[in-house]
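Numbering (this note's numbering), first residue to last: 3 to 406. Shown next, in structure tokens, is the structure this report addresses.
This is how it looks when you write it as structure tokens:
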């Protein structure tokens, strides 16, 4: 076997899969082993679906389901404004309950194949996670005021604890999410978290960012491939090369956009100087122009990179016999980022509910679930071996938002 995580088993015959399963060293190549077993399970499901279709005389034709997002911006605005007011009044304590109200609304408005998602999070667990995050941030700020040595020591300790927090956070987030009455789950793998998250992050920093695309790929692969729907594990094996191509293309895009915006700003400043504007006005316009430049460049690059990376991740994601199809386009995503930013500035943040709904709706509209066989049978099979998580188990976990 080559480097872990690089083998695409989808091109293997059944005999080759069986042979690979006998010969693979699961301790040395855990990612390849996981991808191999997921592909074998997927083939079994396809065989069962084909056999069932042969018995009933029905054609085994994949059916695609596009998610629907039924959220109403005006309705969500009322939730958002109350959440904001109570969070301010309680000095941030209510933010945990605000998150639960928001996610219950968003999940309940997300419908796939006629069924909405459910969110069952405990705000107390979210509050504990945020208190831990605040304590860690406070420790870092205190260390910065103490000495450089203390700062590096605290940063090292934060780096060591972060993979553990990521795993705990994903366990909480998925175990409180359901679809058709069946909970999602996350298989804890702390060794993998330190290897794929912390290890590749350190290498990315040590190489001045050259290996950060690999870290991004490992982060997505770790989060998705250890997620489960009931007893069925997700499989995700995005290509490493695609992440590097996207990163380099994003850098080139940033240079091109920055070049033209820089010329435009230089022309504006030259015009002010020619008109003999006061130095204060010129300075304000220059600072505002630089801020706008950075905002536009970040929006353009982030929209492009996110669309390309998410297409690669979702395009290689499957759940049993079913797969995800992603067709996010960079141009509409960039347009949403820029117009949302503009509207947020001019409304002093009051456009936030509309901005969030626009973004979520577009991302969901770019996805499809390609179902191979009956979803009812799949849910029933996925639910059978999984014991329900108790309230104590869920509330003992922590929710720390890492943006995954």
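All residues carry an ideal CB built from backbone N, CA and C; glycine is no exception.
Worksheet entry | Minimum length 4: unbroken alpha helix (DSSP H) runs contained in the stretch 61-144 | 75-91 and 97-110
Discussion item. With H, G and I counted as helix, E and B as strand and the rest as coil, what does DSSP make of residue 208?
Written reply: helix
Fill in: Proximity of residue 71 and residue 327 at Cβ, strictly below 8 angstroms
no
Worksheet entry | Simplified DSSP state of residue 255, which is helix, strand or coil | helix
Worksheet entry | Cβ neighbours of residue 9 in the same chain (closer than 6 angstroms, five flanking residues each side left out) | 34
Practice prompt. Can you check DSSP and say which residues form a bridge with residue 231?
Written response: 186 and 234
Worksheet item: Can the beta-carbon of residue 66 be found closer than 8 angstroms to that of residue 314?
Response: no
Worksheet item: How long is the line joining the alpha carbons of residue 23 and residue 191, rounded to whole angstroms?
Response: 21 angstroms
Worksheet item: Quick one: what's residue 325 bridged to in DSSP?
Response: 320 and 372
Item to complete: Could you check the C-alpha separation between residue 229 and residue 293 for me, to the nearest Å?
Response: 39 angstroms
Item to complete: Assign residue 91 to buried or exposed, taking buried as 16 or more other Cβ atoms, counted over all protein chains shown, within 10 Å of its Cβ.
Response: exposed
Worksheet item: Is it buried or exposed for residue 280, if we count other Cβ within 10 angstroms and need 16 for buried?
Response: exposed
Fill in: Buried or exposed by the 16-neighbour rule on C-beta atoms within 10 Å, applied to residue 80
exposed
Discussion item. Which residue marks the beginning of the alpha helix (DSSP H) containing residue 337, and which one marks its end?
Written reply: 332-348
Fill in: Assumed close pair residue 384, residue 196 - CB separation to whole angstroms, cut-off 8 angstroms
Not really, about 29 angstroms apart at Cβ, beyond 8 angstroms.
Worksheet entry | Proximity winner among 213, 260 and 364, relative to residue 298 (alpha-carbon distances) | 260
Worksheet item: So which of 348, 332, 78 and 311 has the shortest CA-CA distance to residue 364?
Response: 332
Fill in: Contact check, residue 408 vs residue 128, beta carbons under 8 angstroms
Lying outside 3 to 406, the shown extent of the chain, residue 408 is not represented and no answer is given.
Worksheet item: Taking the alpha-carbon positions, what's the residue 173 to residue 150 distance?
Response: 35 angstroms
Worksheet item: Under three-state DSSP, which class holds residue 59?
Response: Confidence in residue 59 is poor, its pLDDT being 42 and thus under 50, which makes the residue's placement unreliable; the coordinate value appears in the next sentence. Here residue 59 sits in coil by DSSP.
Worksheet item: Where residue 157 and residue 141 are concerned, what is the direct C-alpha to C-alpha distance, given to the nearest angstrom?
Response: 10 angstroms
Discussion item. Using the Cβ count rule (16 or more neighbours within 10 Å means buried), how would you classify residue 290?
Written reply: exposed
Worksheet item: Do three or more CB pairs link the stretch 213-225 to the stretch 266-284 at distances below 8 angstroms?
Response: no
Worksheet item: Quick one: Cα of residue 108 to Cα of residue 348, how far?
Response: 25 angstroms
Worksheet item: Mind checking residue 36: buried by the 16 CB within 10 Å criterion, or exposed?
Response: buried
Practice prompt. Could you work out which residue in 84, 115 and 85 is closest to residue 377 when comparing CA atoms only?
Written response: 115
Worksheet item: Buried or exposed: where does residue 147 fall if 16 or more other Cβ atoms within 10 Å of its Cβ makes it buried?
Response: exposed
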